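> Sequential numbering from 1 applies to the sequence shown in UniProt numbering.
Ideal Cβ positions, reconstructed from N, Cα and C, are used throughout, including at glycine.
All figures in this text were calculated on a predicted structure; none of them were measured in a lab.
This is the structure I want to talk about, given as structure tokens.
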Amino acid sequence: MPAPSTPLDFHDPRSDRAVGALFGAPLAAALIGAPPALATPFTDPAHHPARLILAALSDLNGPHHLPQAPADPVQHAWAQVLRTAARTGTTPTSAPALEHTTAQDPMGASWRALTRTPHPTHDPAHGSFACTHLTDALRYAHTSAGDQAALHTAVLTAALWGASALPLGALRHLSRTTDPHTLTVTALTGARGPHPRLWPQHPVLVDEPRRLPPFAVPHPLDPHVLLGNLDHLRAHPDTVDAVVSLCRTHPSDAPHLPDHDWVRVWLHDRAGANPNVHFTLDEAATALAALRAEGKRVLLHCWAGASRTPAVATRYAVATLGAPPLPTLATMIRTVGGHLDNPALSRAVAQLSGVDLPDPARTLFPHGVPPRRPELPAPHITG
Numbered sequence: 001m002p003a004p005s006t007p008l009d010f011h012d013p014r015s016d017r018a019v020g021a022l023f024g025a026p027l028a029a030a031l032i033g034a035p036p037a038l039a040t041p042f043t044d045p046a047h048h049p050a051r052l053i054l055a056a057l058s059d060l061n062g063p064h065h066l067p068q069a070p071a072d073p074v075q076h077a078w079a080q081v082l083r084t085a086a087r088t089g090t091t092p093t094s095a096p097a098l099e100h101t102t103a104q105d106p107m108g109a110s111w112r113a114l115t116r117t118p119h120p121t122h123d124p125a126h127g128s129f130a131c132t133h134l135t136d137a138l139r140y141a142h143t144s145a146g147d148q149a150a151l152h153t154a155v156l157t158a159a160l161w162g163a164s165a166l167p168l169g170a171l172r173h174l175s176r177t178t179d180p181h182t183l184t185v186t187a188l189t190g191a192r193g194p195h196p197r198l199w200p201q202h203p204v205l206v207d208e209p210r211r212l213p214p215f216a217v218p219h220p221l222d223p224h225v226l227l228g229n230l231d232h233l234r235a236h237p238d239t240v241d242a243v244v245s246l247c248r249t250h251p252s253d254a255p256h257l258p259d260h261d262w263v264r265v266w267l268h269d270r271a272g273a274n275p276n277v278h279f280t281l282d283e284a285a286t287a288l289a290a291l292r293a294e295g296k297r298v299l300l301h302c303w304a305g306a307s308r309t310p311a312v313a314t315r316y317a318v319a320t321l322g323a324p325p326l327p328t329l330a331t332m333i334r335t336v337g338g339h340l341d342n343p344a345l346s347r348a349v350a351q352l353s354g355v356d357l358p359d360p361a362r363t364l365f366p367h368g369v370p371p372r373r374p375e376l377p378a379p380h381i382t383g
């Protein structure tokens, strides 16, 4: 498989969608209660379905059409739908070879579920997110055509909506039997070629001067939640029982943590880089609440602990603890010595509560945004 000439940037939505595609089948198995082994052929390159998926995801910076087209017309059409979804975030207008398969053919059934399942209205204030089409479609396929149809559908819908649209409760469940980081490595290596010095094959920001001093403070409304940065996780692994990571991580960052107690969220600290931002923030807060309900002491962190972390900490406080959104958001930013370099996160948190926040800095801090922690980097440097 030829490597692309330039790496696919991890902020690029195509990276989000490529990773989503490889998570699709194990996610479906977790949601429909199928044996995890049923998804192995979709993720292990020793099996044909995984090779077909990886061929469709290869060199997403490259041509629209499949670099290596299967001879079978149904497989060819299905893989092309997958590639189109991952490259463009859209569904082809037609796929005759899939439309006219038998009702029980899993590839044809997945196409019909993908295209015939309605997209939910996107209304974050009322808990409705367009990207839940991902799970609606796989459940439709399961009901109409069985387990294999659900797994094939989840590959397509997760490629359409991305890893940022995967329900974190199901991801936590599947992580008991499937290593999430291995899936991420496999997906991005296929999509952009191997790059041993880049994430996910290599840890992020491990060399000076990109390292930050370890930082963590208690959540103002729940002292059993720590708000911190990635270097706190690396330096003080024994301070918590579980972790919600809002930035890129590597197994070497927390080798002591069981996968099911380490929730890894696809979320960027860059405007325009989060296509499912409301859903992702809400899911991260829900995952935090679930870990706390189990009695665990939890670290909520991103790379610097200054932007993504206060956003999710606010949503957790509002949705779980009944806190008011705007005063809580201001408090969280002050607590971590954070910033508003990416105001889209604050706007999204407010919108989840039905509040319009066009100018977060002016509304939250009418007397001026408080100073950021002195060790924080300049804007646009992020993990």
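#1: Is valine 283 buried or exposed, if buried means 16 or more other CB atoms sit within 10 Å of its CB?
#2: For leucine 321, count neighbouring Cβ atoms within 10 angstroms of its own Cβ and tell me buried if that reaches 16, exposed if not.
#3: Is leucine 57 near glycine 190, with beta carbons less than 8 Å apart?
#4: Can you tell me whether methionine 1 is buried or exposed? The criterion is at least 16 other CB atoms within 10 Å of its CB, across all chains shown.
#5: Go through its chain and collect everything with a Cβ distance to proline 73's Cβ below 6 Å, but skip five positions before and after it.
#6: Is it buried or exposed for proline 194, if we count other Cβ within 10 angstroms and need 16 for buried?
#7: To the nearest whole angstrom, what separates the beta carbons of arginine 197 and leucine 205, a pair I think is in contact under 8 Å?
#8: Going straight from the alpha carbon of proline 13 to that of alanine 273, what length do you get?
#9: Let me know the secondary structure DSSP gives serine 164 once reduced to three states.
#10: Quick check on the burial criterion: 16 or more other C-beta atoms within 10 angstroms. Buried or exposed for residue 401?
#11: Which same chain residues end up closer than 6 Å to glutamine 148 when comparing Cβ atoms and leaving out the 5 residues on each side of it in sequence?
#12: Candidates Pro218, Pro36, Gln201 and Asp259: which alpha carbon is nearest glycine 337's?
#13: Count the other C-beta atoms from every protein chain shown that fall within 10 angstroms of the C-beta of alanine 3, then say buried if there are 16 or more, exposed otherwise.
#14: Threonine 102: buried (16+ other C-beta within 10 angstroms of its C-beta) or exposed?
#15: Can you tell me which of the three DSSP states valine 244 falls into?
#16: Count the CB pairs spanning the region 294-303 and the region 322-329 that are closer than 8 Å, and state whether there are at least three.
#17: Nearest-angstrom Cα distance between leucine 364 and serine 94?
#18: Tell me whether arginine 176 is buried or exposed, calling it buried when 16 or more other Cβ atoms sit within 10 Å of its Cβ.
#19: Is the separation between the beta-carbon of threonine 153 and that of alanine 170 shorter than 8 Å?
#20: Have a look at Asp341, Asp179 and Glu375 and flag the residue whose alpha-carbon is nearest the alpha-carbon of proline 360.
#21: Measuring straight from C-alpha to C-alpha, what distance separates aspartate 44 and proline 7?
#22: How would you call serine 5, buried or exposed, if buried means at least 16 neighbouring beta carbons within 10 angstroms?
#23: Can you give the Cα-Cα distance for glycine 354 and histidine 126, rounded to whole angstroms?
#24: For leucine 267 versus valine 19, is the C-beta distance shorter than 8 Å?
#25: What does DSSP give as the partner residue(s) for proline 218 in the beta ladder?
#26: Please report how far the alpha carbon of alanine 30 lies from the alpha carbon of proline 371, in whole angstroms.
#27: Quick check on DSSP: helix, strand or coil for histidine 260?
#28: Assign histidine 65 to one of three DSSP states: helix, strand, or coil.
#29: If contacts are defined as beta-carbon pairs under 8 Å, then alanine 55 and glutamine 68 qualify, I think. What distance do you get, rounded to the angstrom?
#30: So, using beta-carbon positions, are leucine 230 and cysteine 247 closer together than 8 Å?
#31: Here's the rule I'm using: 16 or more other beta-carbon atoms within 10 Å means buried, otherwise exposed. How should serine 252 be labelled?
#32: Starting from leucine 352, trace the alpha helix (DSSP H) both ways and give me its first and last residue.
#33: Is alanine 235 near leucine 227, with beta carbons less than 8 Å apart?
#34: In the DSSP assignment, what are the bridge partners of valine 298?
Well, looking at it:
#1: Per the sequence presented here, residue 283 reads as glutamate, with valine not at that position. Per the 10 Å Cβ criterion, buried.
#2: exposed
#3: yes
#4: Residue confidence is low: methionine 1 scores 46 on pLDDT, short of 50, so the model does not pin down where it sits. No coordinate-derived value is stated.
#5: Ala97
#6: exposed
#7: Rounded, the Cβ-Cβ distance is 12 Å, inconsistent with contact.
#8: 7 Å
#9: helix
#10: Any question about residue 401 goes unanswered here, given that the chain covers just 1 to 383.
#11: Pro106
#12: Pro218
#13: Because the pLDDT of alanine 3 is 47, which lies under 50, any placement of that residue in the model is unreliable, and the question is left without a value.
#14: exposed
#15: strand
#16: no
#17: 48 Å
#18: exposed
#19: no
#20: Asp341
#21: 23 Å
#22: Because the pLDDT at serine 5 is just 49, under 50, the model does not fix this residue reliably, and the value given afterwards should be weighed accordingly. Exposed, because fewer than 16 other Cβ atoms sit within 10 Å of the Cβ of serine 5.
#23: 8 Å
#24: no
#25: Leu226
#26: 44 Å
#27: helix
#28: coil
#29: 5 Å
#30: yes
#31: exposed
#32: 343-352
#33: no
#34: Val225 and Ala242
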